[in-house]
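Number of protein chains: 2
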Amino acid sequence: MTNYRIDNLQYCNWSEDIFKMNRNAHIDAVHVTIAYHEDFDEVKKNVADWHSLFDKFSSLIFHGKTFHDIEKAKQENKTAIFFGFQNCSPIEDDINLVESVHDMGAVFMQLTYNNQSLLATGCYETNDSGVTRMGKEVIKEMNRVGIIIDMSHSAEKSSLDAIEISEKPIAITHANPSFWHNAKRNKSNDLLKALAESGGMIGLSLYPHHLLDGSNCSLESFCTMVAKTAELIGSEHIGIGSDLCLDQPDSVVDWMRNGSWTKTKDFGEGSSDNASFPKQPEWFKDTLGFNNIEKGLKAVGFNDVDINGILGNNWFNFYKNFIN
Amino acid sequence: MTNYRIDNLQYCNWSEDIFKMNRNAHIDAVHVTIAYHEDFDEVKKNVADWHSLFDKFSSLIFHGKTFHDIEKAKQENKTAIFFGFQNCSPIEDDINLVESVHDMGAVFMQLTYNNQSLLATGCYETNDSGVTRMGKEVIKEMNRVGIIIDMSHSAEKSSLDAIEISEKPIAITHANPSFWHNAKRNKSNDLLKALAESGGMIGLSLYPHHLLDGSNCSLESFCTMVAKTAELIGSEHIGIGSDLCLDQPDSVVDWMRNGSWTKTKDFGEGSSDNASFPKQPEWFKDTLGFNNIEKGLKAVGFNDVDINGILGNNWFNFYKNFIN
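Line by line, the protein sequences are chains A and B. Following our numbering, the numbering of the first sequence begins with 2 at its first residue and continues without gaps. Following our numbering, the numbering of the second sequence begins with 2 at its first residue and continues without gaps.
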């Protein structure tokens, strides 16, 4: 059996070095974020920039559109790049743009970033009213055209609503369980169980604000959390979505948090005296850390099938069912 | 003392006939809707269209910017036209556009139309999470630049939040009390009392879906409702916002309800077998109906000062305090 390695969330400052790193780590597919706050025209520009990168680095990467491209990447020793949005801003207020962004290659779309969107509530809002009237319609349309609903940054009720409303399984591409580290962005046991029961996937995050002890999180602590999560929902629903933001200047995390919604500075998961991108843990400075996780999972008792599932095959199977 | 007549909400299919009607009814100021679903660029186009109307019909109308323009309109026997939005779509997701739309002449902005917006919850949503994180920031900015917060189409908690958060009184430009006609768009006693206690205004609506018995509502029933509302909150907080949509084709009400948020037809306050603009009651077919309301209010016992307040002076005082 072929084993795939998939990192189901990165937002790096893309360069030849980063693409080489992913290949050196044998990463066959990466789901990359191409929108946080961008509207439709701005996303078109980002897609055009990616086409330029595909052209320039064609020996390392290409545009992934279906699960077949993950197989192709493995065969050709390249990385298939799948597009996704961390917000619904690219469809603006127009349900007809769902099909347009799918035509451009978007295969994942979060219904919200941290704030309330037109579709659902983000995890930083005080109150969560769930999936909205427009949200219900857009979920139907995403199901129809084949864009996966991603609730990584959404609030609890909104996420449970999305699982219930969607006719297809949904994803949480990058987050961790809150039983391990109770951050706003992490997910409750109830939500994780509902996600898994509906056939969905969670990509565990390596972003320090989502980790117990942050940048000082130990590999053992992370892998013990993976084991507990597997006990809770079954290891076949678990993958990796590292949320790696390598080589990004701090202005980018400031823009992620503030977009153009506030004139008062928001520090998101950080704080005024800790506003920068956090430092990655030593054992996951980049995707070569997949090798450390492999060892760590073995050390906490996982077998090879489960380890390969978590490091890529589970995402591959999800893509095979729903991005095809 | 000068008495003003103000209709604080119209969305007619603008023409010389409509402008003449308003002058024949001695309407000194009209707050006109220039956006339901339009984004910033689309609103710029609507403003340009209005400048063309101001030019073409300069003997009847002009662009109102402050309360002084209401005085000027009275003196010159014209109608001052004030711009407002029934949604926050013109500011898109950018707080910096609040000042830009004020520069274009916007003096009222609803935080929502019927659906959830980025700022607050509309009255047609199942759950109301109140004013959002971005909503709080935008209210501050609207207070700063001088745009009045209008909660006509917003849900209850969102409206109560807006009253509490705003440092200036807010408006409900066109709606009726739900004690009289329990429609989703009408307002509870609690909300009306909070509005008035904070110095806000409600413009009573003549749109049939907001009226008891719809198109067959009697003048007496309407004026009795005005008397009860005055008992509840004081007549000085009451004006008229007729919501007249004269000469509009039914395609317009369909667009108001559906915008581009759904592929399934939504009928809003209507229904599949009653999808059109409803017929105005006989005693308020157009703004000449202000004369009927004047008689009706006298018949239910209002004195002249209160009647002139309700027909325009109360809105004039509100403009004098907050649009200056």
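Glycine residues also receive a C-beta, built at the ideal position from the N, C-alpha and C atoms.
Between the C-alpha atoms of E43 of chain B and P91 of chain B, what's the straight-line distance to the nearest angstrom?
-> 8 angstroms
Selection from A:E77, A:N4, A:Y320, A:Q11 that minimises the alpha carbon distance to T288 of chain A | A:Q11
In three-state terms, what does DSSP make of M257 of chain A?
-> helix
Can you name, in chain order, every residue of its own chain whose Cβ lies under 7 angstroms from the Cβ of L192 of chain A, other than the five neighbours on each side?
-> E157, S160, L161
Report the residues of the segment 252 to 281 of chain A with a CB closer than 7 angstroms to any CB of chain B, ordered along the chain.
-> Cβ contacts with chain B come from G260, S261, W262, T263, K264, T265.
Among B:D267, B:W15, B:H211, B:G235, which one has its Cα closest to the Cα of K280 of chain B?
-> By alpha-carbon distance to K280 of chain B, the top candidate from B:D267, B:W15, B:H211, B:G235 is B:H211.
For S101 of chain B, go through chain A and note every residue whose CB falls closer than 8 angstroms to its CB, in chain order.
-> Going along chain A, no residue has its Cβ under 8 angstroms from S101 of chain B, so there is no contact; the nearest lies around 12 angstroms.
Starting from V31 of chain A, follow its DSSP beta bridges and name the residues at the other end.
-> A:D8, A:I82
Taking all protein chains shown into account, do 16 or more other C-beta atoms lie within 10 angstroms of the C-beta of P178 of chain B, making it buried, or fewer, making it exposed?
-> buried
Cβ pair N47 of chain A, I62 of chain A closer than 8 angstroms | no
Pairwise C-alpha distance: T127 of chain A and N251 of chain A | A small fix is needed here, since residue 251 of chain A is Asp in this sequence, not Asn. Near 27 angstroms, if we compare the C-alpha coordinates of T127 of chain A and D251 of chain A.
Does the segment 114 to 129 of chain A touch the segment 55 to 70 of chain A, meaning 3 or more C-beta pairs lie closer than 8 angstroms?
-> no
Pick out the complete alpha helix (DSSP H) segments inside the segment 122 to 165 of chain B, 4 residues or longer, and give them in chain order.
-> Fully enclosed alpha helix (DSSP H) runs of 4 or longer: 134 to 146.
Selected residue, minimal CA-CA separation from R6 of chain A, among A:K264, A:N25, A:Q111 | A:N25
Mind pulling the chain B residues with CB within less than 7 angstroms of T133 of chain A?
-> N116, Q117, E126
Inter-residue CB distance, C224 of chain A and G297 of chain A (contact presumed, cutoff 8 angstroms) = 4 angstroms
Beta carbon of I164 of chain A, beta carbon of L119 of chain A: below 8 angstroms?
-> no
Just the C-alpha distance for A176 of chain B and S53 of chain B, rounded to the nearest angstrom, thanks.
-> 30 angstroms
Among A:S216, A:I166, A:N275, A:T230, nearest to S189 of chain A - alpha-carbon criterion | From the listed residues A:S216, A:I166, A:N275, A:T230, the smallest Cα separation to S189 of chain A is found for A:T230.
Specify whether the segment 139 to 151 of chain A and the segment 100 to 111 of chain A touch according to this definition: at least 3 beta carbon pairs, one from each stretch, less than 8 angstroms apart.
-> The segment 139 to 151 of chain A makes contact with the segment 100 to 111 of chain A: 3 or more CB pairs, one atom from each, lie closer than 8 angstroms.
Checking contacts by CB at 8 angstroms: is N47 of chain B closer than that to chain A?
-> no
Just checking my contact of G290 of chain B with N9 of chain B at CB under 8 angstroms: how many whole Å lie between their CB atoms?
-> Between the beta-carbon of G290 of chain B and that of N9 of chain B there is about 15 angstroms, and that puts the pair past the 8 angstroms contact cut.
Is the segment 261 to 273 of chain B in contact with the segment 292 to 311 of chain B, if contact means three or more CB pairs nearer than 8 angstroms?
-> Look at the beta carbons and you see the segment 261 to 273 of chain B not touching the segment 292 to 311 of chain B: under three pairs across the two are nearer than 8 angstroms.
Any 3 or more C-beta pairs closer than 8 angstroms across the segment 106 to 120 of chain A and the segment 79 to 88 of chain A = Because the criterion of three Cβ pairs below 8 angstroms is met, the segment 106 to 120 of chain A and the segment 79 to 88 of chain A touch.
Going by DSSP, which residues form a beta bridge with K188 of chain B?
-> B:P178
Measuring alpha carbon to alpha carbon, tell me which of A:G136, A:R186, A:Q249, A:F180 ends up nearest S167 of chain A.
-> A:G136
Using a Cβ-Cβ cut-off of 7 angstroms (strictly less than) and excluding sequence neighbours within five positions of M202 of chain B, which residues of its own chain qualify?
-> Taken in chain order, the residues that qualify are A172, H238, G240, N315, W316, F319.
Pick from B:E72, B:S222, B:I234: whose alpha carbon is nearest that of K321 of chain B?
-> B:E72
Hey, K208 of chain A and D255 of chain A are a contact pair by Cβ (cut 8 angstroms); roughly how many whole angstroms apart?
-> Per the sequence shown, the amino acid found at residue 208 of chain A is Tyr instead of Lys. Their Cβ separation, rounded to whole angstroms, is 16 angstroms, which puts Y208 of chain A and D255 of chain A out of contact at 8 angstroms.
Considering M202 of chain B, what are the terminal residues of the beta strand (DSSP E) in which it resides?
-> 202 to 205
Nearest to S236 of chain B by CA position, among B:F278, B:V306, B:Q76, is which residue?
-> B:V306
Mind checking if I7 of chain B is an interface residue toward chain A, Cβ cutoff 8 angstroms exclusive?
-> Taking Cβ atoms only, chain A never reaches closer than 8 angstroms to I7 of chain B, which makes this a no.
Output the residue ranges of the alpha helix (DSSP H) runs that lie fully inside the segment 47 to 101 of chain A and measure 4 residues or longer, sorted by chain position.
-> 69 to 77
Cβ of I96 of chain A within 8 angstroms of any chain B Cβ = yes
Which one of B:E232, B:S155, B:N292, B:E283 has the shortest CA to CA distance from G215 of chain B?
-> B:E283
Anything in chain A within Cβ reach of T122 of chain B, meaning under 7 angstroms, just list it in chain order.
-> S130
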